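If you use the working numbering, the sequence shown corresponds to residues 5 to 237, in order. Think of the CB as a built atom: it goes at the ideal place given N, C-alpha and C, for glycine as much as any other residue. Please read these numbers as outputs of a predicted model, since none were measured by experiment. Reading through the structure tokens given below for one structure.
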Amino acid sequence: MKRILRYATLSLAMLSIVSCSSSPGDCQVDDQTLFQQTLNPTPPTMEELKRAVSLPKPQTLAQLAGSHDSNNQLPRPTPSLASNFMTIMGQNGTVITVWALTKRNWLWGYAPINSQHFGNIRNWRIERSFRREHFRFLNQALGTCMQAYGNGIIHDGCDPKNLDQDFELMPTDRGAVFIKSVSQQRCITYNPVSTTNYSTLWLSECDDKHITPLKDQTFYLAPPLLSAEPLVQ
């Protein structure tokens, strides 16, 4: 009887380990430990980026001029999807971007010139949240949403009722905004002076009185980063 109980206990222990490893979101992981383990991110590979969704290419000026109507007038271009997206840019010029394309990976700040091959994973669409008074950010290429998690921010599948994906935009008198997590009541923070090609993003108490060269919380909602197209081909 004791041997049967011992085997049953061992089986339950192994089952809990397997279920934890197969469903990371169900395990209680120390957020600070996880955050420290991912401070050296690996950018997505070119093969991964090729599978990301791209915006349709806009018409060139020559194409518009050659497609006139019966009145010999230039047609009015239809709104492009590009008008629905933006970048979230810090004062040092870095933009909030996805690194690893798999869901529940950290977001980082990266300079546009050093992330040209990242493509549209650097662009976001701002939407009203389920509660209407807040906002959420949807990634252009992946369709995932920005989400507060532990001490940082990740991207994960969009859930309208997930308060971790709700953010409040607090404007400043300089045209920038603070991006405040509704669930954690903390603001996205970054280091404007970085010795690497990327900047770490973390959540800290919102404070507009102590913005320093090593700690900033202000971002600009800027136009999307798109591939340049020649006017005449």
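Exposure of residue i, with buried meaning 16 or more beta-carbon neighbours within 10 Å
i	result
P60	The predicted position of P60 is uncertain, since its pLDDT is 39 and thus under 50; a value taken from the coordinates is nonetheless stated next. Classification of P60: exposed, given that the 10 Å Cβ count is below 16.
K213	exposed
V4	Past the edges of the chain, shown from 5 to 237, lies residue 4, and the structure says nothing about it.
L218	exposed
L173	exposed
Q221	buried
P161	Inspection of the sequence shows that residue 161 is occupied by Gly rather than by Pro. Burial call: exposed.
L235	exposed
A232	exposed
As assigned by DSSP and simplified to three states, the class of residue i
i	result
T126	For the record, residue 126 in the displayed sequence is Arg; it is not Thr. DSSP places R126 in helix when its eight states are reduced to three.
L65	Unreliable positioning characterises L65 in this predicted model, as indicated by a pLDDT of 35, which lies under 50. A coordinate reading is not provided.
N88	helix
D160	strand
G29	Low confidence applies here, because G29 scores a pLDDT of 40, under 50, leaving its location unreliable and the question unanswered by this model.
P116	helix
Q169	helix
Rounded distance between the beta-carbons of residue j and residue i, thought under 8 Å
i	j	result
T148	H159	4 Å
G94	P196	7 Å
H138	V186	5 Å
Residue from the options with nearest C-alpha to residue i
i	options	result
N127	A152, Y224 and P217	Y224
N201	G179, A226 and W112	W112
N88	W110, V181, N195 and F141	F141
T204	P227, C210 and I192	I192
E209	R136, G156, I130 and N109	G156
G154	L207, R129 and G179	L207
S133	Q151, Q144, G123 and L146	Q151
Q144	P227, R178, L235 and E233	P227
A115	I100, R108 and I125	I100
* Asked: With a cut-off of 8 Å, do at least 3 Cβ pairs link the stretch 159-171 to the stretch 113-122?
  -> Result no; under three Cβ-Cβ pairs closer than 8 Å.
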